[in-house]
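Worksheet: one structure, shown below.
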Amino acid sequence: MLTESLQMRSAPLYDAVVVTGELAGKGVTCKVRRSGEEGRLYAQQVSSPLITVPAAGAERGRNILCDRGEQAAVDLTVPLFAQPLKPGEVGLVLPLDLVEVVGADGTWHGQCESLRIEVSADDQAVVIEQTATLERHYTDAD
Amino acid sequence: MCCLPGDDRLGSKRSHEPCGRAIFGITLPHQAPICAGANGLPRAHLVPVTVVAGLHGFFGEVAKRHLQVESLREEKRAQRSLATISPHRHVRMAQNLSVGIAGWESARVIAEELADTGFTGEYDTVDWNVPAGAWFYDASTPLDAISALAEASGGVVQSTPPRSPCACVRPIRRALGIGAPRHRITCCRRTLC
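Chains as they are written, first to last, in the working numbering: chain B, 6 to 147; chain P, 1004 to 1196.
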């Protein structure tokens, strides 16, 4: 790992949210609650004219309720190696990939939010590095 | 290296390729030193360019894509910067995406990622039809329309999923805990090494 930086953010520990379609007679309204929790702290209500079936509303609510607690956007810069990878080498990390990071203070998991690949050529050397922004959750994950 | 009209070529000194979970096309700022080929480069927009770069094998796929010069900007130190943007979306859509969300495809891809990890992921959205009059997308591109459908159910369209033959919708966030490492990053030190 070449560089590591992080930006902290936090959100209340929502455990419920109301997701609703906007149009009467066509949309549906869903109260989504995290299983095993009381469902008292509501996230901001979300509406969309496309939420016309409960399954869509439930999944929208599930994603909203995942965005809670202590989080960090972690930027990791690592060399980008070609396939096949040798032990210890890191291949291409794509957005939405789940990434396991083994650090000095333990192992944690994050989801890749974005990626930036830098290629530079100086004299005879070509250096390829990738900077992945990982979304790390401290409250609900490791 | 970029092949310009007339088979002129630009040597690349530095380039970077950013992408995110909500980006379909790729904006590829490309910085190249002025050479004979660059002198003949027109300043007009939408000049077809074929990127034939191949570095460590990672840009092989790019080699076949025809990009377009979106803008030219002359920089100091006798360099020009080419900003290129792909006009092609590179999305092959399953037929059922035209009327709904291919949730089954998402579930399959996620299940493959989570295999043998001990983690589980759920994304239970099903295909659904939007009633007439509930929504219109006259001013949107087809991909914008599909993205809106995905967003409504908490998902995002992955344009070129590496293990899927068609575009699929994946959840923006997993039902945590997050799991399923496909990549492992090992850190020896937390600072520059």
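Note that the Cβ used here is the ideal one computed from N, Cα and C, for glycine as well.
### Message
Within the continuous beta strand (DSSP E) that includes L103 of chain B, where are the two ends?
### Response
Here residue 103 of chain B refers to the residue found at position 98 of the first sequence. In the DSSP assignment, L103 of chain B falls within the beta strand (DSSP E) that extends over 103 to 108.
### Query
First and last residue of the beta strand (DSSP E) that includes L11 of chain B?
Taking the first residue of the first sequence as position 1, residue 11 of chain B is located at position 6. Per DSSP, L11 of chain B is one residue of the beta strand (DSSP E) stretching across 8 to 16.
### Message
What does the alpha-carbon distance come out to for the pair Y19 of chain B and Y143 of chain B?
### Response
Counted from its first residue, the first sequence places residue 19 of chain B at position 14. Counted from its first residue, the first sequence places residue 143 of chain B at position 138. About 15 Å.
### Task
Report the residue from B:L101, B:D147, B:T82 whose alpha carbon sits nearest the alpha carbon of E123 of chain B.
For the purposes of this step, residue 123 of chain B is taken as the residue at position 118 of the first sequence. The residue with the shortest Cα to Cα distance from E123 of chain B is B:T82.
### Task
Taking only beta carbons into account, state which residues of the region 52 to 63 of chain B come closer than 9 Å to chain P, listed in chain order.
S53, P54, L55, I56, T57, V58, A60, A61, G62, A63
### Query
If T136 of chain B and E118 of chain B are in contact, beta carbons under 8 Å, what's the gap, nearest whole angstrom?
Position 131 of the first sequence, counted from the start, is the residue given in the question as residue 136 of chain B. Position 113 of the first sequence, counted from the start, is the residue given in the question as residue 118 of chain B. Contact check for T136 of chain B and E118 of chain B: beta-carbon distance about 11 Å, past the 8 Å limit, so the pair fails to qualify.
### Task
Please report the residue range of the alpha helix (DSSP H) in which R67 of chain B lies.
For the purposes of this step, residue 67 of chain B is identified with residue 62 of the first sequence, where counting begins at 1. Note, R67 of chain B: alpha helix (DSSP H), 59 to 71.
#### Entry: Proximal residues to T57 of chain B (C-beta, below 7 Å), its chain only, five neighbours per side dropped
The residue labelled residue 57 of chain B in the question sits at position 52 within the first sequence. Once the five neighbours on either side are set aside, the close Cβ partners of T57 of chain B are G26, K31, G32, V33.
### Range of the contiguous beta strand (DSSP E) that encloses D139 of chain B
Numbered from 1 along the first sequence, position 134 holds the residue referred to as residue 139 of chain B. Note on identity: in this sequence residue 139 of chain B is Leu, with Asp being the wrong assignment. Note, L139 of chain B: beta strand (DSSP E), 130 to 142.
#### Entry: DSSP-derived helix/strand/coil call for L55 of chain B
The residue given as residue 55 of chain B occupies position 50 in the first sequence. Of the three classes helix, strand and coil, the one that applies to L55 of chain B here is coil, per DSSP.
### Task
Classify L1031 of chain P as helix, strand or coil using the three-state DSSP reduction.
By 1-based counting over the second sequence, the position of residue 1031 of chain P is 28. The pLDDT assigned to L1031 of chain P is 48, lower than 50, so where the model puts this residue is not dependable; a value taken from the coordinates is nonetheless given after this. Residue state for L1031 of chain P is assigned as strand, using DSSP reduced to three classes.
### Query
Do we get a CB-CB distance below 9 Å when we pair R45 of chain B with the residues of chain P?
Along the first sequence, one-based indexing puts residue 45 of chain B at 40. So, not an interface residue.
### Query
Can the beta-carbon of V37 of chain B be found closer than 9 Å to that of R14 of chain B?
Counted from its first residue, the first sequence places residue 37 of chain B at position 32. Counted from its first residue, the first sequence places residue 14 of chain B at position 9. No, they are not a contact pair.
#### Entry: heavy atom of the ligand GTP below 8 Å from V33 of chain B C-beta
By its list of ligands, the structure shown contains no ligand whatsoever, and the ligand GTP lies outside what it can speak to.
### Query
Does the distance from the CB of A77 of chain B to the CB of R121 of chain B come in under 9 Å?
Within the first sequence, the letter at position 72 stands for residue 77 of chain B. Within the first sequence, the letter at position 116 stands for residue 121 of chain B. No, the Cβ-Cβ distance between A77 of chain B and R121 of chain B is not below 9 Å.
### Message
Suppose you measure from the CA of P89 of chain B to the CA of G96 of chain B; what does that come to, to the nearest Å?
### Response
For the purposes of this step, residue 89 of chain B is identified with residue 84 of the first sequence, where counting begins at 1. For the purposes of this step, residue 96 of chain B is identified with residue 91 of the first sequence, where counting begins at 1. Near 9 Å, if we compare the C-alpha coordinates of G96 of chain B and P89 of chain B.
### Message
Taking 7 Å as the limit between beta carbons, can you name the residues of its chain near E42 of chain B, skipping five residues before and five after?
### Response
Along the first sequence, one-based indexing puts residue 42 of chain B at 37. Excluding residues within five positions, the ones whose Cβ falls inside 7 Å are D20.
### Any C-beta of chain P under 9 Å from that of L18 of chain B
Taking the first residue of the first sequence as position 1, residue 18 of chain B is located at position 13. No, L18 of chain B does not count as interfacial toward chain P.
### Query
Could you give the residue range of the beta strand (DSSP E) that holds V116 of chain B?
In the first sequence, the residue the question calls residue 116 of chain B occupies position 111. A quick correction: the sequence has Gln, not Val, at residue 116 of chain B. Residues 111 to 127.
### Distance between E134 of chain B and D110 of chain B (C-alpha atoms, nearest Å)
By one-based count along the first sequence, residue 110 of chain B stands at place 105. By one-based count along the first sequence, residue 134 of chain B stands at place 129. Counting only the Cα atoms, E134 of chain B lies some 24 Å from D110 of chain B.
### Whether V107 of chain B touches G115 of chain B by CB criterion (9 Å)
Counting from one through the first sequence, the residue named residue 107 of chain B turns up at place 102. Counting from one through the first sequence, the residue named residue 115 of chain B turns up at place 110. For V107 of chain B and G115 of chain B, no; Cβs fall outside 9 Å.
### Message
Please report the distance separating the alpha-carbon of A87 of chain B from that of D147 of chain B.
### Response
Position 82 of the first sequence, counted from the first residue, corresponds to residue 87 of chain B. Position 142 of the first sequence, counted from the first residue, corresponds to residue 147 of chain B. Approximately 29 Å, taken between the alpha carbons.
### Query
With 16 other CB atoms within 10 Å as the buried threshold, where does V51 of chain B fall?
Position 46 of the first sequence, counting from 1, holds the residue named residue 51 of chain B. Buried, because 16 or more other Cβ atoms sit within 10 Å of the Cβ of V51 of chain B.
### Message
Let's see if you can read the secondary structure: which residues bound the beta strand (DSSP E) around T82 of chain B?
### Response
Counted from its first residue, the first sequence places residue 82 of chain B at position 77. Residues 74 to 84.
### Message
Which residues in chain P have a C-beta closer than 7 Å to the C-beta of K31 of chain B? List them in chain order.
### Response
Here residue 31 of chain B is taken as the residue at index 26 of the first sequence, counted from 1. Chain P residues near K31 of chain B: P1134, A1137.
### Task
Can you tell me which of the three DSSP states A1148 of chain P falls into?
Here residue 1148 of chain P refers to the residue found at position 145 of the second sequence. The answer is helix: DSSP assigns A1148 of chain P an H, G or I state.
### Query
Under the three-state reduction of DSSP, which class applies to A146 of chain B: helix, strand or coil?
Residue numbering aside, residue 146 of chain B sits at position 141 when the first sequence is read from its first letter. Correct three-state label for A146 of chain B: coil.
#### Entry: Closer than 9 Å to chain P by CB, R67 of chain B
Mapped onto the first sequence, residue 67 of chain B falls at position 62. By this cut-off, R67 of chain B is an interface position.
#### Entry: For V22 of chain B: DSSP bridge partner residues
Along the first sequence, one-based indexing puts residue 22 of chain B at 17. Bridge partners of V22 of chain B: B:V37.
### Query
When the Cα atoms are used, what is the spatial distance from V79 of chain B to Q129 of chain B?
On the first sequence, residue 79 of chain B is found 74 positions in, with the first residue counted as 1. On the first sequence, residue 129 of chain B is found 124 positions in, with the first residue counted as 1. Cα to Cα, the separation comes out at about 32 Å.
### Task
Measuring only between beta-carbons, confirm whether G26 of chain B sits less than 9 Å from chain P.
Mapped onto the first sequence, residue 26 of chain B falls at position 21. Yes, because at least one Cβ of chain P sits closer than 9 Å to the Cβ of G26 of chain B.
### Query
With burial defined as no fewer than 16 other Cβ atoms inside 10 Å of the residue's Cβ, what is the status of S53 of chain B: buried or exposed?
Residue 53 of chain B sits at position 48 when you count from the first residue of the first sequence. Label assigned to S53 of chain B: buried.
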